[in-house]
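Structure record follows, encoded as structure tokens.
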Ligand code: CA
Ligand code: CA
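In the working numbering, the protein residues as written are 27 to 198.
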């Protein structure tokens, strides 16, 4: 997972003040933590609807909601109610979209390698990355298409503490 926990989004606290609440790519690039995050570009892109270079404030808040940590009092909420955007499964879907570079709803070996490449900072050879990717796919792939679907992705990460790993700490 990207280290979104360390992202501080407070520079965009008042995005609604200019241009009628429209945010551009540039606005996001002013967030230092996002710029230095290896997955920063990908994170910025998920805020923008397909083919658009601007996002309105509502859309921004909706995407941002995925990063909000789950409060204790939200966990006990009515299970029949609509799922909050920051629920575990929504967060996993969000992460999946983040990694699915070509948007074919599958994580390919190449995409896994790219993600690993971005996340693993130590010197590691392409060969080693490749074998990590192979092993991950081997473990996760259930339908034998050599790629990881959302279902398979969710299954693999079942035991990972996604809620905490995918939360942005707000400074205010
Ligand atoms: Ca893909
Ligand atoms: Ca598969």
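Positions of the beta carbon are idealized from the N, C-alpha and C atoms, including for glycine.
Near ligand 2: residue i beta-carbon under 7 Å from a heavy atom
i           : result
residue 159 : no
residue 169 : yes
residue 134 : no
residue 184 : no
Proximity test, residue i beta-carbon vs ligand 1 heavy atom, cut-off 7 Å
i           : result
residue 181 : no
residue 178 : no
residue 127 : yes
Span of the alpha helix (DSSP H), counted from its first residue to its last, around residue i
i           : result
residue 55  : 51-55
residue 67  : 66-72
residue 181 : 176-182
Residue i vs residue j beta-carbon contact at 8 Å
i           : j           : result
residue 61  : residue 73  : no
residue 125 : residue 109 : no
residue 86  : residue 49  : yes
residue 140 : residue 127 : yes
residue 113 : residue 180 : no
Boundaries (first-last residue) of the beta strand (DSSP E) holding residue i
i          : result
residue 82 : 80-82
Local conformation of residue i per DSSP, three classes
i           : result
residue 134 : coil
residue 150 : coil
residue 113 : coil
residue 157 : helix
Original post:
Does the pairing of the stretch 168-176 with the stretch 132-142 give three or more beta-carbon distances under 8 Å?
Top reply: With contact defined as three or more Cβ pairs closer than 8 Å, the stretch 168-176 and the stretch 132-142 are in contact.
Original post:
Counting pairs of Cβ atoms below 8 Å between the stretch 66-79 and the stretch 47-58, do you hit three or more?
Top reply: Contact between the stretch 66-79 and the stretch 47-58 is present: 3 or more CB-CB pairs across the two stretches fall below 8 Å.
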